[in-house]
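Just so we're aligned, residue 3 is where the sequence shown starts under this note's numbering, counting upward by one.
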Amino acid sequence: MLNVLNDETVNPVEPFLRSDRMPHIWCPGCGIGTTVNSFARALIDSGIDLNTIALVSGIGCTGRVAGYVKLDSFHTTHGRAIPFATGMKLANPKLNVVVYSGDGDLSAIGGNHLIHAARRNIDLKVICVNNLIYAMTGGQTAPTTPGHATTSTNPYGTFEPAFNLPALVDAAGAVYVARWTTFHVRQLARSIGEAFKKKGFSFIEVISPCPTLYQRRNKMGDGLDTMKYYKEASKVKNGAPTSEVGLTLNGEIAVGKFVDRDRPDYQTMMRAQYVESLGERYIEVTGNAEPEMECACG
Ligand SMILES: Cc1ncc(C[n+]2csc(CCOP(=O)(O)OP(=O)(O)O)c2C)c(N)n1
Ligand code: SF4
Ligand SMILES: [Mg+2]
Numbered sequence: 003m004l005n006v007l008n009d010e011t012v013n014p015v016e017p018f019l020r021s022d023r024m025p026h027i028w029c030p031g032c033g034i035g036t037t038v039n040s041f042a043r044a045l046i047d048s049g050i051d052l053n054t055i056a057l058v059s060g061i062g063c064t065g066r067v068a069g070y071v072k073l074d075s076f077h078t079t080h081g082r083a084i085p086f087a088t089g090m091k092l093a094n095p096k097l098n099v100v101v102y103s104g105d106g107d108l109s110a111i112g113g114n115h116l117i118h119a120a121r122r123n124i125d126l127k128v129i130c131v132n133n134l135i136y137a138m139t140g141g142q143t144a145p146t147t148p149g150h151a152t153t154s155t156n157p158y159g160t161f162e163p164a165f166n167l168p169a170l171v172d173a174a175g176a177v178y179v180a181r182w183t184t185f186h187v188r189q190l191a192r193s194i195g196e197a198f199k200k201k202g203f204s205f206i207e208v209i210s211p212c213p214t215l216y217q218r219r220n221k222m223g224d225g226l227d228t229m230k231y232y233k234e235a236s237k238v239k240n241g242a243p244t245s246e247v248g249l250t251l252n253g254e255i256a257v258g259k260f261v262d263r264d265r266p267d268y269q270t271m272m273r274a275q276y277v278e279s280l281g282e283r284y285i286e287v288t289g290n291a292e293p294e295m296e297c298a299c300g
């Protein structure tokens with residue numbers, strides 16, 4: 003891997019991808035691939051042992067990330083990436099478990115898992131690509147779709163109040179909450195690196211274009227027009243109260259690190275409770291960071 007990273011003729015991100023799966027399914031101008039680039043940069047910069055990473059996706063255009071990264075990765079059922087990831091973390095606490103999925107997968111069908119994983123402070127790094135709709139299935143309204151947006155299920159405009167995801171996970175107890183857009187590639191990579199250093203439930207929202215379904219229906223132009231909108235409409239508001247960072251159809255996008263707090267994670271609390279009640283009878287599951295087989299990333 004190191005030789006490849008020093009080879010200027012190879013894109014440094016390439017070793018993190020399953021090139022045999024290319025071309026990928028994402029449309030021109032889609033933001034999901036950009037987020038993968040930032041994720042790979044974060045892995046390079048943090049120097050994290052790739053053998054310790056398990057990446058879990060649900061279903062959706064974003065869910066396809068699991069199939070393209072050269073890591074131990076799992077493409078699970080719709081809405082179930084977090085419970086799957088929780089099981090892995092409990093069985094092998096030494097793993098760095100990343101959940102990489104879409105806004106619909108994580109906050110609609112998977113919404114309960116999201117809030118309870120945050121409440122329990124399970125040590126997971128959640129990267130939520132928020133394109134404000136269910137893209138893969140045709141651009142239906144999601145819990146994140148801003149009011150007045152046009153979608154395939156609300157052709158005359160949406161009218162439901164949308165979730166403000168940073169506020170939701172903050173209220174539930176997440177220890178790290180940040181939001182960037184696909185314009186903020188470096189900041190996103192830095193945030194992912196920070197999340198790897200935190201113990202507990204970390205949530206990074208990435209606002210990302212779906213030019214094919216969301217931008218087109220809402221007359222917002224193509225992928226490049228959306229980058230210009232993200233650049234102009236974003237305001238860095240580190241530490242902003244998450245109740246104030248909700249999104250609107252064409253308005254300001256508050257970005258930055260909103261929450262960075264410390265509290266004991268689920269397994270620390272579990273250990274303390276069981277040691278108190280069971281004493282020496284408590285046998286802890288410590289896990290194993292050594293691969294039983296060499297991982298695909300070689
Ligand atoms: C149990 C179940 N219900 C519904 C679906 C259909 N479905 C697949 S992906 C998806 C929405 C995904 O939206 P999101 O997570 O936002 O991903 P995106 O495609 O926008 O990246 C839905 C409803 C499914 N696969 N399984
Ligand atoms: S439908 Fe939208 S989210 Fe899915 S790949 Fe195309 S642009 Fe990306
Ligand atoms: Mg979506």
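The C-beta atom is built at its ideal place from N, Cα and C for all residues, glycine as well.
**Q.** Residue closest to residue 132, alpha-carbon to alpha-carbon, out of 223, 30, 64, 202
**A.** 64
Q. Which of the three DSSP states, helix, strand or coil, is assigned to residue 165?
A. coil
Q) Closest to residue 23 by CA distance: which of 259, 42, 11, 66 is it? A) 66
Q. For residue 165, which residues of its own chain have a beta-carbon under 6 Å away from its beta-carbon, when the five flanking residues on both sides are left out?
A. 109, 145, 146
Q | Residue range of the unbroken alpha helix (DSSP H) whose run includes residue 284 | A | Taken as a continuous stretch (DSSP letters only), residue 284 belongs to no alpha helix (DSSP H), as it is neither H nor E.
Q: Examine ligand 1 and report whether any of its heavy atoms sits within less than 7 Å of the Cβ of residue 103.
A: yes
Q. Candidates 238, 217, 249, 14: which alpha carbon is nearest residue 229's?
A. 217
Q: For the beta strand (DSSP E) containing residue 57, list its first residue and its last residue.
A: 55–59
Q.
Restricting to Cα atoms, I'd like to know which of 78, 101, 85, 15 is closest to residue 72.
A. 15
Q: Pick helix, strand or coil for residue 316, following the three-state DSSP scheme.
A: The structure shown has nothing for residue 316, since the chain only spans 3 to 300.
Q. Considering residue 77, what are the terminal residues of the beta strand (DSSP E) in which it resides?
A. 74–77
Q: Taking only heavy atoms of ligand 3 into account, decide whether any of them is closer than 7 Å to the Cβ of residue 1.
A: Residue numbering for the chain in the displayed model covers 3 to 300; residue 1 lies beyond these limits and cannot be assessed.
Q | Closest residue to residue 58 among 123, 25, 222, 75 (Cα-Cα distance) | A | 75
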